[in-house]
Amino acid sequence: MVESSPRAAARRELSTPLRALLVLVLLYVFLVGIGLLETGIAALGEGFQDGLLTRVANPVSGLFVGILFTVLVQSSSVSTSAIVGLVGAGTLGVPLAVPMVMGANIGTTVTSTLAALGSIRRHEEFRRGFAAATMHDFYNLIAVAVLLPVEIATGFLAGMAEALTVRLRGTEVSEAGTSPIRAAVKLPVEFVEGLFDGDPFSPRFAGVAFIVLALALVFLALGLITKNMRELVAGNIERAINKLIGRGGGTIGIMVGIVVTVAVQSSTITTSILVPLAAAGILSLHNAYPITLGANVGTTLTALIASMAVLRPEGLTIALVHLLFNLVALLLLYPVPLLRGVPIRLSTGLANVAVRRRSVVAVYVVGLFLVVPLLGVFLIP
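Be aware that the sequence shown starts at 1120, since it is given in my numbering, and climbs by one per residue.
Here is the structure:
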């Protein structure tokens, strides 16, 4: 007798311990992908590295590259992990990588902004949902506008990150370090390298193959980690957010945003949950706002994990820059009431205009996330 599909599906469902074990395996696959990315970049040679550095020739172009790359891959976790790989391979210097991770913060907000379009035919829902999505945009834009010039002038984020790197790794920043995690990752990387040894394969061809395989592994691993972590904690996400509603606690909201995002390894999931809740009127903008900011901090864990798989300690430095940038922005912009309300006011005003003129939505999304970054990459010398 053939089992009914619900019963068969239930039997195929992984138990919690097995799903947790699967997440650990996927984390290992993710680190192998980062190791392969580092190897592939090195195999491409100095010509590729010089070309990349020519394209990312200054902090402003680096910012736009970070935005564009994150929009294209639809994940700041993937883009920041790739940046860690570039820095860890010695291809990209920390000063130019700093604005790239700032750009990743802006680029990642496109997903929640697009999610708000689902209610575009229902004016009041769209007004609330679009405001909830775009306040994340405005917050990150303000954070970059404030901190990028200061970083260019002083290098304080990179300086703090380098000091932390020395303390955490116990070595000079310029020296290569080793770790048990890197040793475990090195085995499959060396195996793949062995497959491309020999006359038929040029180093450049092997480098391209390594990079393609690395990005495939990173995409696959992060996607499955996110899916399985959501299965593990999905019920807790809704319960945590529902407990927050009505309390109006900004600190609690930030902590919920951090914990949820760390748990599911995706700020996109956190913000994508908030947008429909705000659109339905279940969650106010003022309660959703701190959860969004907590998600900004929580998503930096992925780059920190990725830094475990790269040889050069600068990989950890740029991952720490990502964390410090989001922490400093939070401490500067949230505690001061006058500054705290700016993203909410801007997003509310934009949502009011968007309800009246839907063309504004297209201009805003395409302009901010595609046109401006493309112009910045190709026109800024």
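Where a beta carbon is used, it is the ideal one built from N, C-alpha and C, also for glycine.
1) Among Val1190, Val1263, Arg1286, whose alpha-carbon lies nearest the alpha-carbon of Leu1439?
2) Residues in its own chain within less than 6 Å of Gly1222 by CB, not counting five upstream and five downstream?
3) Between which two residues does the alpha helix (DSSP H) holding Tyr1453 run?
4) Using the three-state DSSP reduction, which class does Ser1385 fall into: helix, strand or coil?
5) Val1206 and Glu1433 look like a contact to me (Cβ under 8 Å); what is the Cβ gap, rounded to whole Å?
6) Could you compute how far the alpha carbon of Gly1468 sits from the alpha carbon of Ala1340?
7) Helix, strand or coil for Arg1464, going by three-state DSSP, please let me know.
8) Taking the alpha helix (DSSP H) that Met1221 belongs to, which residues open and close that run?
9) Mind the definition here: the region 1439-1455 touches the region 1274-1286 only if three or more C-beta pairs lie below 8 Å; say whether that holds.
10) Could you check where the alpha helix (DSSP H) with Asp1256 kicks off and where it finishes?
11) For a test of the three-state rule: what should DSSP assign to Ala1398, helix, strand or coil?
12) For Gly1460 versus Pro1409, is the C-beta spacing smaller than 8 Å?
13) Do you know how far the Cα of Ala1302 is from the Cα of Val1308?
14) Tell me which residues share the same chain as Arg1247 and place their Cβ nearer than 6 Å to its Cβ, disregarding the 5 neighbours each side in the sequence.
15) Could you pull the start and end residues of the alpha helix (DSSP H) that Ile1499 belongs to?
16) Less than 8 Å between the beta carbons of Met1219 and Ile1463, yes or no?
17) Within this structure, are the beta carbons of Ile1373 and Leu1334 separated by less than 8 Å?
18) Can you give the Cα-Cα distance for Val1229 and Val1337, rounded to whole angstroms?
19) Find out if the Cβ-Cβ distance for the pair Val1269, Ser1426 is shorter than 8 Å.
20) In angstroms with no decimal places, state the Cα-to-Cα distance between Leu1215 and Pro1178.
21) Flag Gly1181 as yes if its beta-carbon sits less than 8 Å from any beta-carbon of chain B, otherwise no.
22) Is Arg1475 helix, strand or coil by DSSP?
23) Measure the alpha-carbon distance for Val1394 versus Thr1418 and round it to whole angstroms.
24) Please classify Gly1237: does DSSP put it in a helix, a strand, or coil?
25) On the criterion of 16 or more Cβ atoms from any shown chain inside 10 Å, does Asn1347 qualify as buried, or is it exposed?
26) Count the other CB atoms, across all protein chains shown, that sit within 10 Å of the CB of Glu1294; report buried if there are 16 or more and exposed otherwise.
27) Alpha carbon to alpha carbon, what distance is there between Ile1392 and Ser1238?
28) Thinking just about the alpha-carbon of each residue, which of Leu1306, Gly1154, Leu1451, Ser1466 is nearest to the one in Ala1407?
29) Let me make sure I understand the geometry here. Which of Pro1136, Ile1401, Leu1450, Leu1306 has the alpha-carbon closest to that of Val1265?
30) Under the assumption that Ala1162 contacts Ala1325 (Cβ atoms under 8 Å), give the Cβ distance between them as a whole number of angstroms.
31) To test your reading of the DSSP string, which unbroken alpha helix (DSSP H) runs of 4 or more residues are found completely within the region 1397-1448?
32) Could you check how far apart the C-beta atoms of Ile1156 and Ile1330 are, in whole angstroms? I think they sit under 8 Å.
33) Roughly how many angstroms lie between the CA atoms of Arg1130 and Ser1198, to the nearest whole one?
34) Can you check which of these residues, Val1327, Leu1487, Ala1470, is closest to Ala1250 by C-alpha distance?
Reading it off the structure:
1) Of the listed residues, the one whose Cα sits closest to Leu1439 is Arg1286.
2) Leu1182, Gly1185, Ile1186
3) Premise fails: Tyr1453 is in no alpha helix (DSSP H) and is neither H nor E.
4) Coil at Ser1385, not helix or strand.
5) 5 Å
6) Looking at the two C-alpha atoms, the distance is approximately 39 Å.
7) helix
8) 1213-1226
9) Taking 8 Å as the limit for Cβ pairs, the verdict is that the region 1274-1286 does touch the region 1439-1455.
10) Element bounds for Asp1256: 1242-1273.
11) helix
12) no
13) 10 Å
14) Only Ala1397, Ala1398 meet the Cβ criterion.
15) Run containing Ile1499: none; DSSP gives neither H nor E here.
16) no
17) No. Outside cutoff.
18) 20 Å
19) no
20) 6 Å
21) Included in the structure is just one protein chain, with no chain B present.
22) helix
23) 18 Å
24) Assigned with DSSP and collapsed to three states, Gly1237 falls in helix.
25) Answer is buried; the Cβ neighbour count reaches 16.
26) Low confidence applies here, because Glu1294 scores a pLDDT of 40, under 50, leaving its location unreliable and the question unanswered by this model.
27) 14 Å
28) Closest by alpha carbon: Ser1466.
29) Leu1450
30) 5 Å
31) Runs found: 1404-1417, 1420-1425.
32) First, the residue type needs correcting, since residue 1156 is Leu and not Ile in the sequence shown. Sure, about 6 Å apart at Cβ, within 8 Å.
33) Only weak support exists for where Arg1130 lies, its pLDDT of 44 falling under 50; the value from the coordinates is given anyway. In a straight line, the C-alpha of Arg1130 is about 36 Å away from that of Ser1198.
34) Ala1470
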